[in-house]
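Chemist: Could you have a look at this structure, given as structure tokens, before my questions?
In the working numbering, the protein residues as written are 22 to 220.
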């Protein structure tokens, strides 16, 4: 009886050992695959995280480049706006100067030609510059020293003017009473051969 119990125990022990070995082998075979899968499963979030980090860094670089480009464009636009403002101010100043010159020219023509065209007797010169000269026939007063220049008015035969600033055979002519020796005050220009000095 004792002998049978020992045999049964030995048989049970062998059976248990065989079962344990078979289980261990299947566990070892399965664990290699499982280990790979487990490692892959562990690596997937890490790879995904690294990919996202790289994409994030690339996006940040692109954003920085675009921000720098926008800053450069803004700077250029600001410079162009400043240049436009300066040009507009210069244009306004030039327009004011032109208007003032036109106003002065109109006043000068009104004052000078009124006396010349009315045939009023010449006044005694108040300053010792220029020469009193007379025309023998009707003579054009021109805007520039050229026969092609615009006619501003004319002198009648016998009228007297003050002439000065001879250049290229043209005189700048003035009202005989003009006291300021400035070409800006001239009535215009007359071809020199048309003028004769008073005796």
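Even glycine gets a Cβ: it sits at the ideal position worked out from N, Cα and C.
In this text, all values refer to a predicted model and were calculated from it rather than measured experimentally.
Give me the Cβ distance between residue 194 and residue 162, rounded to the nearest whole Å; I'm assuming they're in contact under 8 angstroms.
Modeler: 6 angstroms
Chemist: Determine the closest residue to residue 184 out of 155, 97, 169, 83, with distance taken between C-alpha atoms.
Modeler: 155
Chemist: Please classify residue 180 as buried or exposed, where buried requires at least 16 other C-beta atoms within 10 Å of its C-beta.
Modeler: buried
Chemist: Would you report the Cα separation of residue 211 and residue 128, rounded to the nearest angstrom?
Modeler: 20 angstroms
Chemist: Let me know the secondary structure DSSP gives residue 150 once reduced to three states.
Modeler: coil
Chemist: Just tell me which of 158, 191, 149 has its CA closest to the CA of residue 164.
Modeler: 191
Chemist: When you compare each of 169, 67, 182 to residue 151 by their alpha carbons, which one comes out closest?
Modeler: 182
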